[in-house]
Structure formats: C-alpha cells, structure tokens
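Here is the structure we will look at.
Protein chains: 4
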Amino acid sequence: MNSIELQQNWEDDGLHEECGVFGMYDLDGNDVASSIYYGLFALQHRGQESCGISVSDTFGPRKVDLLKGMGLVNEVFNSENLSKLHGNIGVGHVRYSTAGESIPSNAQPLVINYVKGTLMLAHNGNLINANELRDELAYTGAIFQTTIDSEVIAYLVARERINAKTAQEAVTNAMKKLKGAYALVISSPRKLIGARDPFGFKPLCIGKRDNAYILASETCALDTIGAEFVRDVLPGEVVTIDKDGIKSDTSMCLPKAKEARCVFEYIYFARPDSNFDGVSVYHSRIMAGRFLAMDSPVEADVVVGVPESGNAAAMGYAMESGIPYGTAFVKNSYVGRTFIKPQQKSRESSVRIKLNVLKEAVCGKRVIMIDDSIVRGTTSDRIVQMLKDAGATEVHVRISSPPFLYECYFGTDIPSRDQLIAHNRTIEEINEIIGADSLGYLRVERLKEIAGGLGICTGCFDEKYPMEPPKEDIRGEYIK
Amino acid sequence: MNSIELQQNWEDDGLHEECGVFGMYDLDGNDVASSIYYGLFALQHRGQESCGISVSDTFGPRKVDLLKGMGLVNEVFNSENLSKLHGNIGVGHVRYSTAGESIPSNAQPLVINYVKGTLMLAHNGNLINANELRDELAYTGAIFQTTIDSEVIAYLVARERINAKTAQEAVTNAMKKLKGAYALVISSPRKLIGARDPFGFKPLCIGKRDNAYILASETCALDTIGAEFVRDVLPGEVVTIDKDGIKSDTSMCLPKAKEARCVFEYIYFARPDSNFDGVSVYHSRIMAGRFLAMDSPVEADVVVGVPESGNAAAMGYAMESGIPYGTAFVKNSYVGRTFIKPQQKSRESSVRIKLNVLKEAVCGKRVIMIDDSIVRGTTSDRIVQMLKDAGATEVHVRISSPPFLYECYFGTDIPSRDQLIAHNRTIEEINEIIGADSLGYLRVERLKEIAGGLGICTGCFDEKYPMEPPKEDIRGEYIK
Amino acid sequence: MNSIELQQNWEDDGLHEECGVFGMYDLDGNDVASSIYYGLFALQHRGQESCGISVSDTFGPRKVDLLKGMGLVNEVFNSENLSKLHGNIGVGHVRYSTAGESIPSNAQPLVINYVKGTLMLAHNGNLINANELRDELAYTGAIFQTTIDSEVIAYLVARERINAKTAQEAVTNAMKKLKGAYALVISSPRKLIGARDPFGFKPLCIGKRDNAYILASETCALDTIGAEFVRDVLPGEVVTIDKDGIKSDTSMCLPKAKEARCVFEYIYFARPDSNFDGVSVYHSRIMAGRFLAMDSPVEADVVVGVPESGNAAAMGYAMESGIPYGTAFVKNSYVGRTFIKPQQKSRESSVRIKLNVLKEAVCGKRVIMIDDSIVRGTTSDRIVQMLKDAGATEVHVRISSPPFLYECYFGTDIPSRDQLIAHNRTIEEINEIIGADSLGYLRVERLKEIAGGLGICTGCFDEKYPMEPPKEDIRGEYIK
Amino acid sequence: MNSIELQQNWEDDGLHEECGVFGMYDLDGNDVASSIYYGLFALQHRGQESCGISVSDTFGPRKVDLLKGMGLVNEVFNSENLSKLHGNIGVGHVRYSTAGESIPSNAQPLVINYVKGTLMLAHNGNLINANELRDELAYTGAIFQTTIDSEVIAYLVARERINAKTAQEAVTNAMKKLKGAYALVISSPRKLIGARDPFGFKPLCIGKRDNAYILASETCALDTIGAEFVRDVLPGEVVTIDKDGIKSDTSMCLPKAKEARCVFEYIYFARPDSNFDGVSVYHSRIMAGRFLAMDSPVEADVVVGVPESGNAAAMGYAMESGIPYGTAFVKNSYVGRTFIKPQQKSRESSVRIKLNVLKEAVCGKRVIMIDDSIVRGTTSDRIVQMLKDAGATEVHVRISSPPFLYECYFGTDIPSRDQLIAHNRTIEEINEIIGADSLGYLRVERLKEIAGGLGICTGCFDEKYPMEPPKEDIRGEYIK
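Sequences listed follow chains A, B, C and D, in order.
All residue numbers for the first sequence refer to the UniProt record's numbering, where the first residue is 1 and numbers rise by one.
All residue numbers for the second sequence refer to the UniProt record's numbering, where the first residue is 1 and numbers rise by one.
All residue numbers for the third sequence refer to the UniProt record's numbering, where the first residue is 1 and numbers rise by one.
All residue numbers for the fourth sequence refer to the UniProt record's numbering, where the first residue is 1 and numbers rise by one.
Structure follows, in structure tokens:
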C-alpha cells in the first residue's frame, strides 16, 4: 500500500552497476509502454534490483508518465499500472547494484524538467570522472538528489542545451565531458536519442517494427517484441530518431583500433541469443570452449557446463575435442532474490540448494567441467566436490575466461584485488584450492578472437585499460 | 515488497498544499527519529498523503538517513524501519495534496547534496513565484525532478551558499527571492534552521526538551513529546540552532501591521490545543462562536457542533447565548483514506456513513448547528436534513467563518470561484439551497478579533491580498 | 501478494471476544455485499482484528463467496474484491480478540458444507461449555480446524439438522446444548436465521429496507445503510427470514425476570446512537451521569468527559448538577492499531500521544472528570496529572460504572482479579493511587435504572452470575 | 498487511492437483522447520500455488505451529516467520491447482484437533470416491470447511482413531475406504507416518540425516538437505517413524503386477535428479529419447530439446542416432506466475517472450526437436515456426510420450477429451496442424521399459485404468 523509501546520501555510495536500457518511438502514435515492458523482460538478466518505464505522447501535451520501483519487472509492473502509462515514445531501464545501498530514488529512468522541457534518461555504464563532474556542477549551484551517474549526465545535457541548437548537439557536447563507459537512451518530447561511449564498452542496438523504432542493450529484446534488427549504434555515435527517421552524428567516434568493448558481455553478461557489433554471443562462447579444448586438452569421458553460462562453452569444448557433451547439473529455477540463505552452521548449503548433480551422468566418469569464471573461488570447490561425491573419477575444470587480476572501472562489479582468488596465485595454487584434477583458463590472446576480432578491453586481466584509470587516492574515496 | 512510483512531470501539477513540518536537534547526541515520529503524529491532521523523516549525526560522518513514503505516519513508519534512522539532528514532514497527482517523489523532506555538503529541507506553504524561479534556474542549467516548491527553495539556498559565509546567510539571501507563504525547517550537517515568510502566513514555533531544540508547525507537537514551548519564530525571522543555542536574524521582518497570518489556521486547520503567536486556537474558536451568538442570535433549545471542528464554536455560542450545548452527531472514527465511497445509485450515502444523529438529543427541539465553513455546500443540505429527519423542529445554521468568495494563492486549497456556493449568491439564496431555517456567517470584521488582534490575511473573503497575486493569465497556467 | 497464516492449535487459545454480526437477505435479488460492508463499517468499534463477508444467491446455484482477513473492514475490503461477492443473502462479521493468538483461520463468518448443503455462520459471544462440547463432538469423530466457538455451534447445528425438519428447528435444538452468551446470524441457502441466547447477554436487532431484511448487532448499522428498525430479536428467540417474511420461535425464551443483558453494552461497548431492547445507549449514559451527580456531588467549575465514551455521562452530570459542561481533551484521531508504542525509557508517553489537554478550558478551575471505567488503573493517574499540569486546581474523578471486582465468562475481556485495581482496595485507596481530589463510582443499584429497568447481568460487579460459572479448576484450563 | 481469503464452497470445485509432500522428525530434538523449507524448495516444481509448514515439539506441550499461504515457498516464508516455527517434528506441502478457484483455505498442511489430540496432514494425489466419502461423513454430522480431499482423509483417520490402538492402525483402516491416488505424510504429536496408495500412483521416499528421518515426494529433496536415501515407501505400505525407528505395515500392499505408477512422474513431473522405486528419472528420459530414435528415425543435422523437460530425451535421441546434440532455445528464466500475458491483438506472443531461438545453432540445418508431450497443441506450431524463421531447413518433431487420449482421474490435470489435440486425429493430421516435416510419438509399449519394468498406469493413453473410473454421470458433476 505504501511506497517506502530508505535513502542515504551519495557521499556514501559509489556503486558499480550493470544495467539494461530500452527506448521506443512509435511514429504511428501507438502506446509503447507494453512493448517496453516486454523488452525489459528480455533484458532482466542485466539488472534485477529495480526497473522503470517512462512514456510521453509526441502528439499530445508535453507530459511524462513515469513508473519505477524496486524489484523485477513483473513485480513492479502489472496490467493495471501499465495500462495507465500512455504515450508513443518512451524509455525503460533495469538496474543492478552490486554493493551497499539499493534505494528507490536511484531507480531509472530519470525524468527531469529543464530549460527546454522534459527529458527521460536511461543509462548503462560507469563514469570514472563522475565525482569531478559532480563537484564542478555543485560549484555552479547544482543540487543532487540521487547517487547515480545518470543525474550528472542529465545536468550536463541540460547545461549544454542552453546554447545548443538541438538536443542531439547537447548530448554530443555533454559527451565531451564524460569519461568512462556508457550506453544512453534519452527521450526529449519529440525525439529518441541513443548514444554509446567512444570506446564502445557497453552495447546498444537499433531495431524496427512496423513504423516504430527501438533502441536496446541487446538484440534479444528486439526478437522478444517481434522487431527486426537494423544495426548497432557505433561506439561514439549519437543517433537521433524522429519522424524523419534515423540521423547519425559520428563526430565523437574513435579509430576502430581504439575501441574497447567489455569482453564480459560475450563471456557472461549477455544472453546467448544476442548479437553485439556483428558477433553472436552464443558463437563466441562456443569458440571459447573450442579454444579451451585446443589450449588445455585433457582426456575425459564427458564435458559438462556449470549452468547456465557454462553450457555453450562446454558444447564448444565437446565439438573440438570429440568428447561427448553431457548434462551434469540440475538447477533449481526457483532460487531467486528473496531466497533465504542457509546459516553457516546449517546442514544445508547454498550451492546444494541451487544445484544438484545427475549421478547417472557422471558416476564412474572422467569429467571436464566448464565454468565462465572464478572470482573469489568460494563455490568452485563445492561444485567439484559434488561431482566427486556423485562418483566422478576425475574432475578437470576449464574456465572460459582468463584469470581476474585487476579492478574494473567501467561498470563491471569486481571485488578488490585481495579478494580475487587469482591475485598473487599460480594456476596450480588455485587448482589446489578448488580441489580439481586439473585447471585451465582461456588465454588472454584468445579474447579478441572470440569477439570476432573487434576491439575489446582486457583491463581486468592485464591492467591495460583503454583510458587512464582514476588515481589511487581518488579511487579509495570513489569506491565506498 | 516493492516501492512503486507513479510520477508525472511538474508542468501538469500546480498543487495547493497544506503541510506540517518538524525539526529537532539533540545537543547531547541522542537519536531524534523517534521523537520526530511522535511529533509528526501530532501534526498528522496537517497532511495525510505522505510523510518522511531524515536524520544525521552531528558527531559522526556527514551522511543522512532518509525514509519517506505515501501514507500516514503509522503506515510509513514501523519499529523496524524507524530503528534504522540514526542521528541527533533531523527533519520531518507530513504532506497533503489537494488535487491531481499525489506521487512518492513529491514526498518530503528533500535531501540534497550541494556545494557545501548535505541539506535536509521541509517546507509548508505555497510560493506564488515558483514558476518564474524555476524558469530562471532552468536557464542557468538547473534540472528539476519533482513538482514541489521545496526543490526551488533548495536550489536557491544551494546557489546562495556558494558565496555566503554561513548557511543562515544563504537562507536569508534565498528568502529575498521567494514570494508567498512558507515555513521552513532546514538542517545542515551541524545546524538546524527555521524560517517563516515575512507575512507570517504559516506558523512555526520553537520548543526545548532537556538539551534538545525543536521546531514545529504547531505547539501541540511540543506537548506530545513532552517539550516546553520556548517562543514562536517571528514572521520573517530566520533562527539558527547549533551547539551555542538559538541565533536570530530578523533582517527580513516586516512592520507588524503588514503581517498576514492565514486565519484558517485558527478557524479550521490547526488542532485546538495549539497556540499561534500567543493566541490559543481553542480560544479563538470559542470567540468565533460567541461573536456568532452576538451577531446572528436566534431562539433555540440546543446548540450543537458539526464534529470535530464545529464543537468549540458551538460551545462558545452556547456560553454567549445561554442556550444549552449538546451533542447531536456520532462520527464513525474508522472512516479513513481508503474508505470505499458509495456509488451514486446506492442506498447508502457518504454523509450517513460518516455521521449519525443522536435522535434523543435533537428530537422535538429547535437546533442551532455550528459548522466551520461551507465551501461547495454539497454536504450541508444533507446534514440539515438528517437533523430534521431525527425530529428537530427547526435547524438554524451558523458558520464560524465568513463566506468564501475568492481564490487563495498561499497554500489553502480553495476551488475556483464558480464552484464556491457563496460566489454570486446572497445568504438567503445559500440558505435556500441547504434547507435550513436560518443561516448566519461570521462577519469579516470579527476575524482580527478572534485572532487576538494579530495581522491576518483575509484575501479569500474580501480579495484584499497582502501581496499582489499572480496575474490572471499566469494563474491560468499555474493552476492545473 | 500472499495470504499468510500463522496458526496455533486451539488448546492454547481460550479467547474472550467481543464481536459484531450482520446479516442481510434481499428478497428482490439485489446484491447485498456492499450493504453488509457499510453495516460492518458501522459496527467496526465492536471488533478491529479481523472481518469477513460471505454471500450466496438464493435464485442461483448453491454456492457461497467468502472473503475474510485480518484487519479493519476498509483494509480487508476494496472496490475490486467487494465487487466479486455476488449474492442476495449474506452474513458479515467483525472480530476482536483480546488475548493471545489472533489468527486468520479464526476470522468469521464460518462457511461450512454439511448434510443439507451450506451454512454461513457469524457469532458474537462466549460459550462457557465450549470445551465440554468439543470433547463430546470429538468422541464421535469431529475434527476441529479453528479455536472459535462458532465451529462448535456449526457442528451442533449440522448434527441436529440430520433429524430436524427445518434449519430453524436444528438451530433451536442446538441452542439447548449451548451455555453462555451468543447472538447468532446464520444463513442457509434460502433462509436467514437470527438467534439470541435466552439470557439476552448480546444484542441483535431486525431491520428492513425496501424488500430486504437485516439482522445486526446494533441499530446504528441500520441507520448507516438507510434501513428502518423493525424490532429487537428477543432473548432466547430464533427468527427465520425467508421469502414469506419473519417467523419466530420463542420456545427457548425465559421469563423476563431471568434476562441478563451485559450492562457494558450500555456503558461502554455500543455506539451512543444505538438502541437495545428499547433503551437508547446515549440516554443510558446521560442517566449514568445524572446518577453520579446525585450520588457523588462535588463543587466544581466545569464537568469534562474522557473521550469518547465519557462525554455523554459528563453531559448528564452537567445537566443534573448545573455545573457547566466543557471540553478538556483533544484526542489524536490517527492513533490506530499499528501505532508504535513508546518504549518505557522514552520521554514520550502513550497517554500524552493520544490525549492532550486544552489548557484554556481547565486552567485555574476545579474540574470534574468523568470516565466510563477503571480496569487496571494504569492510565487514570496520568490523565489526572495532565489536568493538574494544565492548571486545574482540583480534579474530581467520577466513574460511570461500579468497580470491577470479578471475572466475566460471557464475552467481555476482563483481566484476572489480581490485576483489577478495585480488587481488595477501598475507594479511598484507589483514589490515592490515581491522585485525584475525590473519586466516585456509579452504584450497582443504579445499573438497572440506566438500562431502563431491563434485566441485566451484574456478575463482574457483585459475582451474581445468571448461570453457574465454570468451576475453578476448569476455568484454570479454559483461560489460557 | 492483511491476510485476505476469497473462498468458494466445495461443491463448485473439483480440482485435479499435483502436489509435493515432505515430513521430518529429528529424534535429537532439533528444529526442523528450516530443513522442511529447503525440502519444499526442492519440490517447488510439484506445486507453485500455495505452500505450508507445520511443526510440533515432541519433547514439549502438544501444540502445533502452522504457517501457510498462497505463493512460492520463498514468497510465503522469510527468515522472520520461519524462525517462529519451533519443533522437531513437522510436515510441509506445496500445492498446484490447475483450474478454477485457488484459495488460501485449501492450502496444506491441514492441522486438526481430534479425539486423540492433534494431527498434521499433507497429501499428494486425488481420490475418486471423495464425494461419496464426504456424503457419508456428512450424514453422520461432519462439516467441511475446505474443498480438498485431505479434509476427507483427516475425518476418516479421526473416526478410525476412536477405536484403533495406534495412529498407524487408524491410518491403515482409513486407507481401506480410500479409492484413488495418494501419498500421505501425517504427523501425530509423537509419530511421523507415511503412506502410499496400493497402486503406487504417487511416489514417497524415506531419508535420514544424522538422527533425523525424512519423508519426501522425491529424492532430490533429500539431496538438497544433505540427507541419505534410505528406501522408497512401498505401494500400499504404511510406515511409522518414532523414537524406536521405522515400523512398517504392508497389509494393504497389492501383488507387484497390479502396481500402477503414474508414468508422467518419469516423463515430465519429477526433477531429473530424482529416483523413484529404483529408477532414475534422468535415465528414463534418456531411454525415451533412445526409443524414439529407434522407432521414429529420421535424417537430420542436430537434435534439440524444448527446455527444460525435452533436453534429456534429446540427448538420448542424439546418443542413439549419432546425430549431434545441440541447444536451440534460450528460455527467459524470469517468466513466472505473475507475468503479464500479451493481449491477443498485441505484436508480442507468449511463446516468443518465454523462448528465443539461437539462430547460429539451427540456421541451414535439419532439426529434430524433442518435446515431452503435446496436450492441446497450442504452442507446438509456434515453436516449429520459430525454428523455421531462424533458418532451419527441416523440423522433425519427436514426442517422448504417447498421444494423450483419455482423462486422468488420479491427480494429473488433463483437459477433457475434446480439447486434446490427439483425440480423434491421426498423427498425420496432428503434424499438419503443428506444421512440422514429420512427427513421431513414443509407443505405449515402450513406457514400461523406460520405467525400468515397474508397474505403471497407462490410462490416459489407452483407457486401461488400474481401477474402475468414476461413472460418466458422476464425473459430470465431479469435474466442475
């Protein structure tokens, strides 16, 4: 009955986030809220903490309807409240925050009134100069009501808009001040604008259904609503969609060689049925598995994946090695956000509640187990043990990414170095911890190949960031 | 489980609001959230739509805990969430919005981060130049996320703070730009600031309990938490409370003759156990009844009040006239915000569900019925009829305020003129509509007397506003 | 989203309850759920813990729609769920449980399927032989799913119905086994039945609106829905309403001299605008005040009531004594079930949060304060002190009922003797505890007079119960 | 805040249900509620509508704590309410109702007070003589408050208990009157009892962890809580667990040849990591796929399963045929109970929102698609079309069960014949409807083989029911 908000001020909150964005403009004037809902539904894996939809009617008065809240899209939205969101242009967002406060006021989209009217804004990514920008803005009188980077971006656009001829120009000018990773969907009363940072960290694509245009983080959202894929927004590009179609501003684009996509979109974040910049996520995972088979071969009876994201790489490993693919795990699909974690002293364990082993599939066999990554290493040892308990005679672990060694400043939530199992450890030492018979990682050199030769960021593996990371002392304050 | 927010942009929303504010600073460092809760509880009659509490610890790091939501204070707050609000300085707010959208993002207090840190702000009143100020601010890059005047005030304070020496100076400088009615409670990390507009439209008082200071809309909130009344904040005064006690800035104060309190605080809004600027609300209602008896006498057997606000005036009428006071109505105290209104065709009526007549008290008697006001006149005829149905031989209606004829621009929600029953009608014509045997209103001349001789605003009765009201064309846009 | 039920078995639960019942049968076939809702709304003061409505269509198939839940009627019911309850015959209930478990499965009405179809049953009262009846039933194979007496009554009716010619006969035969206080509203698929225990402890009246009949605990519920009062159900009478009108079975009625109404319906429980067995509740309270003035006179300047139930008696005292009636207290009408009680060590007190004194009304005056009862005496001393703090020079307390000395076995929740302030204390000793200048109680002899000469139960004042109370050892087990 | 219950009487409700049961008795006295919670979590796939847990302390007073509600186990239970359920013996239940009313009062376990104390009862299955039993019971005075068979069983046990020496004997005697499918978990204050109908329609197994015994519908629940599998309860067996261990009563067991397990437990209902009566569910699905490859071979490039239940059979088909196994579909794992279904006219479709095709995996390929069953056939055509849209050159559908032709009376919710796609149609006609290039079903003869040679029920495929089904006219009334 009541909407309750527990909020703390932004000085205590420097969240690294992974999000999904969606925008839609139906030139024929049909309501878009319901399609945005289904689009967010397809992007739910990108953020389960909060979500929101804002819409406006390009043929009507310049008003915006906004509905956002904490929870999954099917928890926040229902037939009744969705039916109250009228308009043929709109923006949607799903958000995930990995640490600290998760508060309603930080939900997106952000809807603001500014000098030229109203803006809706949804943002995926992480700015590395957000604090500097906040300080600069504050010294000219800005006030901040949230802790999200989107508010900083909104301010910059609003200030640039005072002198810019068009909203697109204001966005481009604002982008000149932004450092970091971002995919943006912005709606002014009569235009839908999409923008991607020059390095292309975060994905954004364009779709079309009848006379409606769509912007979305992933192509799977286009499939879900029955739209056709048009093209990806280029790294650094600003696209503007209005009644005259798509306009492009590529003035901020960098040479292709400098592009630096987050490779984890391919390895882990994205849905396998999505394509980014021409490369199929599913295919890139199959390739990762093939490379593992080439680079870390081992004799075995069956290749299995840790569900869900390990399955495609396992299939690739099986194809390349000729060892049969199998299913070793049953995942309890009801484990969700509100699941009660067992207490330390309890006989139940979180891993066993989520996963169970199919004994028939592994008993008496030498098993190659493929997982997408090892971060802290806290569950890998238990999964290996479960396979052995079920009768596997050998367990060989293969990881479809290189070892994590360094921080990410561009939107992926990676713990600090000392919590990373691979930090200051050899592969043999890691293998000893997880108790496998052998352990192999994907080689960093293979990453560009699985991404179809596109420019990628490998900072978390080799500390080669595409732009200067924030200084140590700043980062200390920045990561709360 | 989910906090859901349905929001529309401010251009569609020009709410006239009545609110209650409360601030507290415990110099000894004790938590204040629980006392703010009880204070808001005592002020609940001033706003039932939303409420909020924000607190900070003057001895700790500069962080703010904020909890706000839609609903009554005992719906939004519970032992669990209240216990998480730690801090010895804080601000609370209850809000009522009379028309259009009532949305979570408009709930107060507003907590902002600005150039000098963090501000919490709670506001009661209505600015008449809010739109102009928004436009001015927008042209220098401000963005607005709510439709409330408090956001405008926060911006002004934030901008003045850049050059001001103290927060108090910034508040005073911001006040120079504000036109309209306001009582403000603002907390900076180490100071509690109270301010009242120069005309004194809205009340604000200072209390003390042990080593803690309180600012509150009404003195009844002081009684409830066991605090002593110190004094009223003067119209135009800015008071600053810090570890050195109370400081006062009276530079914005006007000559007493120009003060223009809203007389409806005495007649209707406030709790009868409150005192404003030295005048007891209960006493002023008794006086209104006495004046009615003097100016509109009639022979009768019993004087009754329409509960609750008519009772004190009825007692005053009884005292002055010598006619016995009686109780004629039983009110169903469970009728609340979520009550299902009967449909037009239903045999039940809203009035009868809320009120029932005590037949024994009125049967066979000539009744004088005192009510505080008639706005649209839609229920008065039914109540008169209920008395007659119960056997009253005559029903004489006396109203403890003058007829409403004009708009209020200063925070009282009065419908437009054509919806006011008194507009373009004589008292005889009104009486015919409500079906009483006679009708009398309080004379405008009596208002100053019931307010103890203090300066009051009588604009809604005689169109004599203390400051130029917004121009007709502006108002057309301003009242949505 | 979820309906959650926390239930314990009945052996741990011996609740003394006060409830309200309502039944309606519209012979023309109109839906009755909405009128039952408004009727329960008028009876809400009789029970705030849970409520329910069940309806059936006498012209349709023999199915019942039931909606019940924990909370107030406007919390459990809303336009949407109410609109799904279709039928022209139905039963409603509001329930209050004073101790121990309050659980959803104990909410009423009870809807059962039995040998002759379906019964809906709502019950107000308390059986003193419920445990014996449960045991008897269990020994012939009954199973119990709730802890309420209504389930026992339903069983008895169901078993009698096997051999009885009519439902009315089954009810009458079941009543022969029931000992204690009860007002029953039962609906079979085609009949509405009302019954009152032979002593008439609990009230029940008959109303009519157009071609619809109503049974209700209090006449105020008839007023609320615009129905006319027809007559009271007699103590011991069973009335059956069907398409042929009202039939009466008075075979269980006792001589008038044996009737034993609960006098607390007049003093405290009922709404003042109700009438029971021909006596106005308001009038009986006025009379209680008059008798207090006669029997316990004292010189004073003003007579005030403790709201709400003390007000009528205060007015009676004022009339009789000639001392002016005044208002001394302002009650916070937002204090409800979910109010957070202040902690012991807190500076706030529950009494001061609920009540505040109007200083103007009592300062410098000798005050007579009328309250309806003193049970444990834990708040009286605080209220007296508040009056003195506000400047009252003397405070004389008068109580409009005699001192509580004994248990009630018939549905009124009275603590055990050792918790009653009057137990083993003289009036002087009590007065010393509450700190008043004098104290007076209504004399037991006056009770019959204030109840218009009707037969009443005075067991809690003089231990003269109308029937043998449960034996000591049984009561020990029975009161959990 | 409120527990709301919308209930209709049982005459309108003849639900076929599939449920999961769980019981636990810790002889050492440790609380079992948390383990029951995790056990229900593992059984969640057997019922998502409502759930409940009841517990009692065998060392303490004979009281029962019960918590049940509508929703998933992680919606109904949370750390707070779970921590209030104290006791070392208890029963849990998850429930699924496939049609009509789903109401809180029908949630299980049922907790009753009867002649010998308290019983908790959880039941999976469907009685075919429930209506007759209800009528018989009603004629001797029983009343029914729910529409579930469990209430009938509870009555029978309660009545038999009057003359029986032990609870086990009462259960055995009650079973003599039950016709149909049931797995029962019953807890008396000091004993945990499990029972399975003589045909063994529904599974039930025994587990042990330290000094605690478990009864569960599936072995996966044992794995989840870290318990060891002891053995299955035999068809017709009653087991009693108390401080002396497990006692068995096999007096109701039938010859093995008459056993009639529901084969759909193997094909569809159960989790693949469970074993029933010695046969692995996963293995039986692999076998179904192998048999399909033998009996309905076809040339193709890839074999894919419709997730989740088609995957194992697809793997079996791939093994047998030598055609590679692949993954063709991505399932949106966030589609849950509260998902908003697209409207008919909407461009979105439910199937596309739930499933998306991996184009890379099927484009240009001849695809064999394995599904577990076709009931109404409303989604199969869309999935086939999705594969073709993604570029599959041929789509051959293979179903790992025979065609559904007849009703099930024993707990599986199958629509009436005229809604079954296979009713009155040849396989060619069905294939035409779903638009595949070929269609093959599992042969009925293969069913016994995939169930490891155990006795199974094949009634829904060949109308050979293990016991006389209810007569036509009775069924008409019985299925509402």
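In this text, a Cβ means the ideal position worked out from N, Cα and C, and glycines have one as well.
Looking at C-alpha atoms only, which residue of the options is the closest neighbour of residue i?
i	options	result
residue 423 of chain C	C/387, C/450, C/456 and C/463	C/463
residue 303 of chain B	B/280, B/369 and B/354	B/369
residue 164 of chain B	A/139, A/176 and A/309	A/139
residue 19 of chain D	D/409, D/384, D/269 and D/377	D/269
residue 152 of chain B	B/133, B/434, B/167 and B/162	B/133
Is the CB of residue i under 8 Å away from at least one CB in chain B?
i	result
residue 115 of chain A	yes
Can you confirm whether residue i, when its beta carbon is compared against all beta carbons of chain A, has any partner nearer than 8 Å?
i	result
residue 437 of chain D	no
residue 199 of chain B	no
residue 90 of chain D	no
Would you say residue i faces chain D, with C-beta separation under 8 Å as the test?
i	result
residue 155 of chain C	yes
residue 36 of chain C	no
residue 290 of chain C	no
Given a threshold of 16 other Cβ atoms within 10 Å of its Cβ, counted over all protein chains shown, does residue i qualify as buried or as exposed?
i	result
residue 460 of chain A	buried
residue 291 of chain C	buried
residue 160 of chain B	buried
residue 203 of chain B	buried
residue 124 of chain B	buried
residue 259 of chain C	buried
residue 294 of chain D	exposed
residue 429 of chain D	exposed
residue 432 of chain B	exposed
Does DSSP put residue i in a helix, in a strand, or in coil?
i	result
residue 224 of chain B	helix
residue 233 of chain B	coil
residue 471 of chain B	coil
residue 240 of chain D	strand
residue 368 of chain B	strand
residue 252 of chain B	coil
residue 264 of chain C	helix
Would you say residue i faces chain C, with C-beta separation under 8 Å as the test?
i	result
residue 368 of chain B	no
residue 139 of chain D	yes
For residue i, list the residues DSSP reports as bridge partners.
i	result
residue 331 of chain C	C/355
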